[in-house]
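Going down the list, the sequences are from chains A, B and C.
Mapping of the first sequence onto this note's numbering: position 119 corresponds to residue 120, and the numbering continues sequentially without gaps.
Mapping of the second sequence onto this note's numbering: position 90 corresponds to residue 91, and the numbering continues sequentially without gaps.
Mapping of the third sequence onto this note's numbering: position 133 corresponds to residue 134, and the numbering continues sequentially without gaps.
Glycine included, C-beta positions come from ideal geometry on N, C-alpha and C.
Keep in mind that this is a model prediction, so the values were computed, not measured.
Note sheet for the following structure.
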Amino acid sequence: MVYQQSLQIKTAGRGSYSITNEVARHVQQSGIRLGLCHLFLRHTSASLILCENADPDVRDDLERFMLRLVPDGDALFTHTAEGPDDMPAHIRNILTHSDLTLPVTDGRPNMGTWQGLYLWEHRQQGHHREITVTVYGE
Amino acid sequence: MVYQQSLQIKTAGRGSYSITNEVARHVQQSGIRLGLCHLFLRHTSASLILCENADPDVRDDLERFMLRLVPDGDALFTHTAEGPDDMPAHIRNILTHSDLTLPVTDGRPNMGTWQGLYLWEHRQQGHHREITVTVYGE
Amino acid sequence: MVYQQSLQIKTAGRGSYSITNEVARHVQQSGIRLGLCHLFLRHTSASLILCENADPDVRDDLERFMLRLVPDGDALFTHTAEGPDDMPAHIRNILTHSDLTLPVTDGRPNMGTWQGLYLWEHRQQGHHREITVTVYGE
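If you want it as structure tokens, here you go:
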């Protein structure tokens, strides 16, 4: 059995946004009890990540680390059409993930206790982001 | 239904090579209309990436960024048997992706408008690269 | 057909641990001949990687590279509750992989000649790590 739907997320600019509940809702709606849930982000300037879900400092530290690793406005970049955060957003995407797959057990995404699922917006401005959710199994 | 085939790509040295059309051809050939397409690169010195597909400067900037992040010939490395680009190629692979999964909708890989699929060769010399393509669904 | 089981790995602190044989055993046990094997690490301070499997220097160099890229005890980090390797472990996880999918062919994980599968422990102390293995296909 295959279930496929679109999940729309509106971001308010750079930062990470929990999507754990939205994804769980799709898995439940699929009626699939045992299998996998695939998430595909249809953009090259945001990411999907699994991250520690208890202390918000973790995601703040992650943001600061990434800003140091891939500085906005770095003179190295020639692709600057959409501003100083344009090319860094593409690199942040490639260094992390466009797609993630989660096990489905007993009709739910089966993650570890400390794992949360996040959409990570890399652009300074907010965007509408779309994730294709595919659940398959029995 | 499961479809599995080998996709052969010949590279001419370091750089990224579009494989969007080749992958679409395999998805069409599979006869699967709804499901997923999994790509597995059978090497540890190249990568599979999704990247912005409109402005070639993006991939040039990406290449320059990676060269700065993981310099060829870095004195840190002891694994240099195949040359100064040997160990950097392994690290580039691990910081990016060996496998990617794409949604399949209406018999086609269902990516975003600005997403292209690339094989990223990390070695200075050209290589024969092999990707195992698995399509499954209905 | 879907097969899902838990794989337990005990680590002895920071470093990479081969899990190729354990995963092959699960694929064989599943009875699935053609399809895919998905591995999901249920933790945010370790990783799953595919890495060159012949020369142990590769994984030593990788460890040194990552230590330089994400230094333990970096003053940038505020999330230090569990020590100087706490936040770096989360970042190492996000820069690499929590999940990997391998093709299954003739009842075996079908990797390239030089590819080995490793659990990469990022914490200084040993931990019990759990991987959810899902095999599906025919």
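Check the Cβ of residue i against every Cβ in chain C and list those closer than 7 Å, keeping chain order.
i      : result
D100/B : L101 and T102
T12/B  : Within 7 Å Cβ-Cβ: nothing; T12/B doesn't reach chain C, min ~15 Å.
N111/A : T133
I92/B  : L63 and F66
Which of helix, strand or coil does DSSP assign to residue i?
i      : result
A25/B  : helix
D100/B : strand
E64/A  : helix
A90/B  : helix
I10/C  : strand
L118/C : strand
R69/B  : helix
CB-CB under 6 Å to residue i, same chain, minus the five flanking residues each way: which ones, in chain order?
i     : result
L35/C : G138 and E139
S31/A : Y4 and V136
G74/B : P85
L68/A : none
For residue i, I'd like the list of residues in its chain whose CB is within less than 8 Å of its CB, leaving aside the five on either flank, ordered along the chain.
i      : result
Q116/A : L51, C52, E53 and N54
Rounded to a whole number of angstroms, what is the C-alpha to C-alpha distance between residue i and residue j?
i      : j      : result
R15/A  : R130/C : 32 Å
R43/C  : T21/A  : 15 Å
D157/B : T79/A  : With chain B covering only 2 through 139, there is no way to say anything about residue 157/B.
C38/A  : P110/A : 7 Å
S7/A   : R93/C  : 30 Å
T114/C : Q9/B   : 16 Å
A82/B  : L63/B  : 26 Å
D56/C  : I33/A  : 43 Å
P72/A  : R26/C  : 44 Å
D87/B  : V59/C  : 10 Å
E122/C : L70/C  : 16 Å
K11/B  : L118/A : 37 Å
P89/B  : A13/C  : 27 Å
Rounded to whole angstroms, how far is the Cβ of residue i from the Cβ of residue j, which I believe are closer than 8 Å?
i      : j      : result
L49/B  : H91/B  : Actually they are not in contact, since the Cβ atoms of L49/B and H91/B sit about 15 Å apart, beyond 8 Å.
S46/C  : R124/C : 5 Å
R65/B  : L96/A  : Not really, about 14 Å apart at Cβ, beyond 8 Å.
V28/C  : G127/C : Their Cβ separation, rounded to whole angstroms, is 27 Å, which puts V28/C and G127/C out of contact at 8 Å.
M112/B : L103/B : 6 Å
Can you list, in chain order, the residues of its chain whose CB lies under 7 Å from that of residue i, leaving out five sequence neighbours each side?
i      : result
L40/A  : V24, L49, D100, L101, I132 and V134
V105/B : V28, I33, L35, G36, L37, C38, N111, V136 and G138
Do residue i and the ligand FAD come close, with the Cβ less than 7 Å from some heavy atom?
i    : result
V3/A : Summarising the ligand content, the structure contains no ligands, and the ligand FAD is consequently not present.
Give me the chain C residues within the contact set of residue i, using Cβ-Cβ distance strictly less than 9 Å, ordered along the chain.
i     : result
G36/A : V3, Q5, T135 and Y137
Just the chain B side, please: which residues come within less than 7 Å of residue i by C-beta, in chain order?
i     : result
F78/A : D62
In chain B, which residues lie less than 9 Å from residue i when you measure between Cβ atoms?
i     : result
T45/A : L51, C52, E53, N54, V59, G113, W115, Q116 and G117
R69/C : L77
What does residue i reach in chain A if we use C-beta pairs closer than 7 Å?
i      : result
L120/B : Near L120/B there are no residues of chain A at all, since even the closest Cβ is about 13 Å away, more than 7 Å.
T106/B : Q5
Which residues in chain C have a C-beta closer than 8 Å to the C-beta of residue i? List them in chain order.
i     : result
L96/B : L96 and T97
So which residues on chain B does residue i lean against when the C-beta distance must stay under 8 Å?
i     : result
H39/A : L37, T102 and P104
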